[in-house]
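Take a look at the structure below.
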Amino acid sequence: MKLLSFKYDGKTLFGPKVKKEEAVWDVQKIAEAVGEQNFPASIAEGVASGMDFVEKIRNLCEKAHSHEDMDTFKYSFEAIEWLSPIPRTPKNVLGVGKNYADHASEMGGEGVPAKMMIFTKSPTAIAGDEQTLPIHEALTSQLDYEGELAVVIGKGGRNIPKQLAYDTIFGYTIANDLTARDLQAERKQFFLGKTLDGSCPLGPYIVTKDEIPNPHNLSIVTKVNDEVRQNGNTKSMIIPIDEIIEELSKFVTLEPGDVILTGTPAGVGKAMNPPTYLKAGDTVKISVEGIGTLVNYFE
Numbered sequence: 014m015k016l017l018s019f020k021y022d023g024k025t026l027f028g029p030k031v032k033k034e035e036a037v038w039d040v041q042k043i044a045e046a047v048g049e050q051n052f053p054a055s056i057a058e059g060v061a062s063g064m065d066f067v068e069k070i071r072n073l074c075e076k077a078h079s080h081e082d083m084d085t086f087k088y089s090f091e092a093i094e095w096l097s098p099i100p101r102t103p104k105n106v107l108g109v110g111k112n113y114a115d116h117a118s119e120m121g122g123e124g125v126p127a128k129m130m131i132f133t134k135s136p137t138a139i140a141g142d143e144q145t146l147p148i149h150e151a152l153t154s155q156l157d158y159e160g161e162l163a164v165v166i167g168k169g170g171r172n173i174p175k176q177l178a179y180d181t182i183f184g185y186t187i188a189n190d191l192t193a194r195d196l197q198a199e200r201k202q203f204f205l206g207k208t209l210d211g212s213c214p215l216g217p218y219i220v221t222k223d224e225i226p227n228p229h230n231l232s233i234v235t236k237v238n239d240e241v242r243q244n245g246n247t248k249s250m251i252i253p254i255d256e257i258i259e260e261l262s263k264f265v266t267l268e269p270g271d272v273i274l275t276g277t278p279a280g281v282g283k284a285m286n287p288p289t290y291l292k293a294g295d296t297v298k299i300s301v302e303g304i305g306t307l308v309n310y311f312e
């Protein structure tokens, strides 16, 4: 199932993509119409229930098909404002640095880290698909793109063993881990360079894990103004997702709605000759196999 969050008529809503249509179901409206009690108000509220949440949504959509007001329960994509599927995470977005050997190499320095490199991005960095984002030219002249597969945590937990890690996942989405390279270098740490407002667009959908049984064989393609910059595959991750979850959960409790960025393949702007960073007027499109394409514009 592909789930998205969106705004319609001034309200923040969510629902699944309508099959074979460029439209979304308003599942909260359907739930109210059919008398479904205590239905979650957001994707973030529902993910802790895992596939039970997904099954409730499926049942509501089936009821909508036979309801006399069926057409009023769905909105075309042209009529909505896209939001991040998880508009606000319970804590900072968690990211894994240099998790692809080719990217670690192109960044120079010591190459692949000896231990998993972790950074965070503030929830205020989160943005949605089709959103226009600031280039932050007063703060940085080196804003760079990083296309990534992102994991959305469902039930979460602490000290999660590797063999149970996939049980904690609700689904997957796409991230652009926008990074101010000059701020990273000047400040000698990751946070400020990673967490500028709008520097973590996510979307367009969360695809539930049942539809992506193997997250380690998905193509990742990043285009800037339709020029392919990154063309990788998640099979090249150094640390796989189950080990990422195991390691992270030793140090921090993973909560429903947490988002983990799993790293980016080679091809970032910093590694080009000469280095080529984002500028006002650019469009970035990141496609991950089985999920879709995340599109953002810069001004």
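Add 13 to the 1-based position in the sequence shown for my numbering, that's all there is to it. Note that the Cβ used here is the ideal one computed from N, Cα and C, for glycine as well. Here the structure is a predicted model, which means the values were calculated and not measured.
Residue closest to residue i, alpha-carbon to alpha-carbon, out of the options
{"i": "Ser55", "options": "Glu49, Val47 and Gln41", "result": "Gln41"}
{"i": "Gln243", "options": "Glu224, Gly270, Ile258 and Val281", "result": "Val281"}
{"i": "Ile70", "options": "Val37, Val125, Ala293 and Lys33", "result": "Val37"}
{"i": "Thr153", "options": "Ile99, Asp210, Pro98 and Asp115", "result": "Asp210"}
{"i": "Pro214", "options": "Glu75, Ile254, Thr306 and Pro226", "result": "Thr306"}
{"i": "Val60", "options": "Tyr290, Glu240, Gly28 and Thr85", "result": "Gly28"}
{"i": "Lys134", "options": "Glu150, Arg101, Thr145 and Leu146", "result": "Arg101"}
{"i": "Glu81", "options": "Met64, Asp65, Lys201 and Ile43", "result": "Ile43"}
{"i": "Gly63", "options": "Leu291, Lys263, Val220 and Tyr290", "result": "Val220"}
{"i": "Phe19", "options": "Thr85, Ala293, Phe311 and Ala92", "result": "Ala92"}
{"i": "Gly294", "options": "Pro287, Pro288 and Glu312", "result": "Glu312"}
Contact check, residue i vs residue j, beta carbons under 8 Å
{"i": "Gly245", "j": "Tyr113", "result": "yes"}
{"i": "Val106", "j": "Gly276", "result": "no"}
{"i": "Tyr5", "j": "Ile304", "result": "The requested residue 5 is not part of the displayed model; the chain covers only 14 to 312."}
{"i": "Ile257", "j": "Met120", "result": "no"}
{"i": "Met14", "j": "Val67", "result": "yes"}
Cut-off 7 Å between Cβ atoms - residues of its own chain near residue i, not counting five sequence neighbours on either side
{"i": "Gln197", "result": "Phe203 and Gly206"}
{"i": "Glu94", "result": "Phe19 and Lys20"}
Other residues of its chain near residue i: CB distance less than 8 Å, five sequence neighbours each side excluded
{"i": "Glu268", "result": "Pro103, Lys104, Ile166 and Gly169"}
{"i": "Ile182", "result": "Val164, Val165, Ile166, Gly167, Lys222, Ile254 and Ile258"}
Close beta carbons around residue i, own chain, < 6 Å, minus the five adjacent residues each side
{"i": "Val301", "result": "Leu162, Ile187, Leu231 and Ile233"}
{"i": "Arg194", "result": "Gln155, Asp157 and Lys283"}
{"i": "Ala117", "result": "Lys111, Gly124 and Val125"}
{"i": "Ile299", "result": "Gly160, Ile187, Asn189, Thr235 and Leu307"}
{"i": "Ala11", "result": "The structure shown has nothing for residue 11, since the chain only spans 14 to 312."}
{"i": "Pro136", "result": "Arg101 and Thr102"}
{"i": "Leu291", "result": "Leu156 and Phe311"}
{"i": "Glu260", "result": "Met129"}
Whole-Å CB distance - residue i paired with residue j, under 8 Å assumed
{"i": "Gly184", "j": "Lys222", "result": "5 Å"}
{"i": "Asp39", "j": "Lys87", "result": "7 Å"}
{"i": "Ser89", "j": "Ala138", "result": "Contact flag wrong, Cβ pair sits at about 29 Å."}
Quick one: complete beta strand (DSSP E) runs, 3+ long, within the region 245-304? 272-274 and 296-301
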